[in-house]
Amino acid sequence: MKKSNMMLVAVALLMMAIAVMAADPAAPPAGMPEMGPPAEMKQLATLEGTWDVASKFNMSQDPAVPQWMESKAVATYSYACDGAAMLCNYSGDPMMAGMPGFKGYMVQAWDRELKQWQATWVDNMSGRISIYTGTDDGKQMVMTGEDRMMGQVFLSRMTVSNRTETSYDWKMEASMDGGKTWFESGQSKYTKRK
0 MKKSNMMLVA
10 VALLMMAIAV
20 MAADPAAPPA
30 GMPEMGPPAE
40 MKQLATLEGT
50 WDVASKFNMS
60 QDPAVPQWME
70 SKAVATYSYA
80 CDGAAMLCNY
90 SGDPMMAGMP
100 GFKGYMVQAW
110 DRELKQWQAT
120 WVDNMSGRIS
130 IYTGTDDGKQ
140 MVMTGEDRMM
150 GQVFLSRMTV
160 SNRTETSYDW
170 KMEASMDGGK
180 TWFESGQSKY
190 TKRK
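The opening position of the sequence shown corresponds to residue 0 in numbering that gives the first Met the number 0, with each subsequent residue numbered one higher.
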């Protein structure tokens with residue numbers, strides 16, 4: 000390579016290096032999502048803290064003949080991942096003699112690429128991770144996912160409604176026919192501690 004061409008290449012490389020160094024070092028590379036929580040996560044801010052939960056669950060094998068069992072629990076919510084996720088640690092009293100208390104753990108987040116709410120749930124009864132996705136129209140959040148119990152695969156739908164800063168209602172429904180019909184399998188009233 001001639002000296003003049005080498006000099007042009009060196010100058011071009013130097014100019015590229017100066018341009019890279021002059022760019023904002025805090026800016027993410029082109030095409031990368033911004034760091035930190037999506038703005039939608041602010042909608043969950045009132046959840047932070049400890050909540051008392053009064054529930055009842057349908058323990059019947061026949062949806063047409065519900066058998067409700069009441070339960071009390073405590074749910075503690077906290078942000079994680081710099082506010083990009085909300086964690087819920089759920090700890091309930093035993094619903095039947097000789098059984099341990101019902102315990103569960105949820106992680107909830109807004110997927111900024113898919114533009115939807117997502118949640119995972121695991122508890123000490125199923126021992127599996129369930130995944131739910133859904134929407135929030137400002138009045139209620141509705142999330143749906145596939146569940147399994149005692150060899151059966153079915154759809155579950157969670158609805159959160161009547162939200163204030165100190166209380167909300169939660170309802171769980173199940174569908175055994177792919178979402179054509181639904182029956183209520185659980186309901187709870189959450190009340191925030193002061």
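Backbone N, C-alpha and C fix where the C-beta goes; we use that ideal spot for every residue, glycine too.
Check                                                                                                  : Outcome
Buried or exposed (CB count within 10 angstroms, at least 16 for buried), TRP120                       : buried
Cβ-Cβ distance between MET140 and MET85 below 9 Å                                                      : no
Whether ARG156 touches SER125 by CB criterion (9 Å)                                                    : no
Cβ pair THR49, ARG192 closer than 9 Å                                                                  : yes
Local conformation of GLY82 per DSSP, three classes                                                    : helix
8 Å contact criterion, which ALA72 and GLY91 should meet: CB distance rounded                          : 3 Å
GLU33 (DSSP reduced to helix, strand or coil)                                                          : coil
Distance CB(ASP88)-CB(ALA74) smaller than 9 Å                                                          : Note that residue 88 is Asn in the sequence shown, not Asp. Yes, the Cβ-Cβ distance between ASN88 and ALA74 is below 9 Å.
Contact test: LYS114 Cβ vs the ligand GDP heavy atom, cutoff 8 Å                                       : For the ligand GDP, the structure offers nothing, since it holds no ligand at all.
Start-to-end residues for the beta strand (DSSP E) that takes in SER187                                : 182 to 191
Own chain, CB closer than 6 Å to ASP110, minus 5 neighbours either side, in chain order                : GLN117
Member of ILE130, GLU183, THR190 and GLU47 whose CA lies at the smallest distance from the CA of GLN66 : GLU183
Option in GLU112, THR132, ALA108 and GLN107 with minimal Cα separation from PRO32                      : GLU112
As assigned by DSSP and simplified to three states, the class of MET40                                 : helix
Delimiting residues of the beta strand (DSSP E) encompassing LYS170                                    : 166 to 174
Exposure of GLY185, with buried meaning 16 or more beta-carbon neighbours within 10 Å                  : buried
First through last residue of the beta strand (DSSP E) which encompasses GLN117                        : 115 to 122
N- and C-terminal bounds of the beta strand (DSSP E) containing ASN57                                  : 48 to 57
Interface flag, ALA63 vs chain C, CB-CB below 9 Å                                                      : Of the chains in the structure shown, none is chain C; there is only one protein chain.
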